[in-house]
Structures are given as C-alpha cells and as structure tokens.
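Participant:
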Amino acid sequence: QVQLVESGGGLVQPGGSLRLSCVVSGSIFSLYAMGWYRQAPGKQRETVARVAPGGTTTYADSVKGRFTISRDNAKNTVYLQMNSLKPEDTAVYYCNADPMDLRKKAYWGQGTQVTVSS
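Going by this note's numbering, the sequence shown opens with residue 1, and the numbers climb by one from there.
1) Are the CB atoms of T68 and L80 nearer to each other than 9 Å?
2) Buried or exposed: which applies to N73, given that a residue is buried once 16 or more other Cβ atoms fall within 10 Å of its Cβ?
3) Just the C-alpha distance for S118 and A60, rounded to the nearest angstrom, thanks.
4) Here's a check: name, in chain order, each residue in its chain whose Cβ is nearer than 6 Å to the Cβ of Y107, leaving out the five neighbours to either side.
5) With H, G and I counted as helix, E and B as strand and the rest as coil, what does DSSP make of L80?
6) For G54, tell me which candidate among L18, A33, S7 and V48 has the shortest Cα-Cα distance.
7) Select from P14, G15 and R38 the residue whose C-alpha is nearest the C-alpha of E6.
8) Taking Cβ to Cβ, would you say S25 is nearer than 9 Å to G8?
Here it is in structure tokens:
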C-alpha cells in the first residue's frame, strides 16, 4: 500500500518561508517522479514543481527563484522549500508520485494548507 503524507503547511506572513515535506511509504519512491501541486479556492489544480528520479527539476514560472524542490531517496521524502511567499501562493498543496508510465498508477497525498497573509 502506497501512501503519501504531507506536512509543513501553515500560516505565514508575506515574505516569509515554509518547508513542505512529503513522506512516501512503499518501495516506489526512487522510481517515480515526484511533484508538488496546488489548488486555490475556485481555481484548477496547477503544477508547482517536479523532480525526476535522476534529480532534474522543473518549476512553474510563478515560483521560479523562490521555491526549491528536492528529494531524499534514502528517506523516501520530497521537500518544497518556499521562500519570499506571496498572498497568491495561498492554496492547498498536494504531493504527487508519478510513475511516468500510463500503465501504472499515480499517487496523491491528502494535501496541506498554506496561507500567506498579514
């Protein structure tokens, strides 16, 4: 049974920082691309950042230079370091494990709320 458990969300002032973590149970972690997505009220879920099994990273233009995704294969954990947070970053953030193979299942975490407000 594969489970993704996010943590690290919360309330932060504009300009502040948060680090999200996502721990993946099961033996899939090192083989899957890992990603962070977010969904704000009334909006579609969007990709924030992804990291391939080999470590290649991609970012949404809106977070480039402010957010950093990383993975620790020994700990089955993916992180999202978020700096210089803005009110428009407010959303529920979801962790995703992507097998990069349509024949296999992708997995999602339950989400963690990030609120940027003064």
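Positions of the beta carbon are idealized from the N, C-alpha and C atoms, including for glycine.
Predicted model only: the values in this text are computed from it and were never measured.
Facilitator: Quick look at the numbers:
1) Cβ atoms of T68 and L80: closer than 9 Å.
2) Classification of N73: exposed, given that the 10 Å Cβ count is below 16.
3) Note on geometry: alpha-carbon atoms of S118 and A60 lie some 24 Å from one another.
4) Around Y107: V2, L4 and A97.
5) The DSSP-derived three-state label of L80 is strand.
6) It is A33 whose Cα lies nearest to the Cα of G54.
7) Relative to E6, the option among P14, G15 and R38 whose CA is nearest is R38.
8) No; because the gap between Cβ atoms is not below 9 Å, this pair is not in contact.
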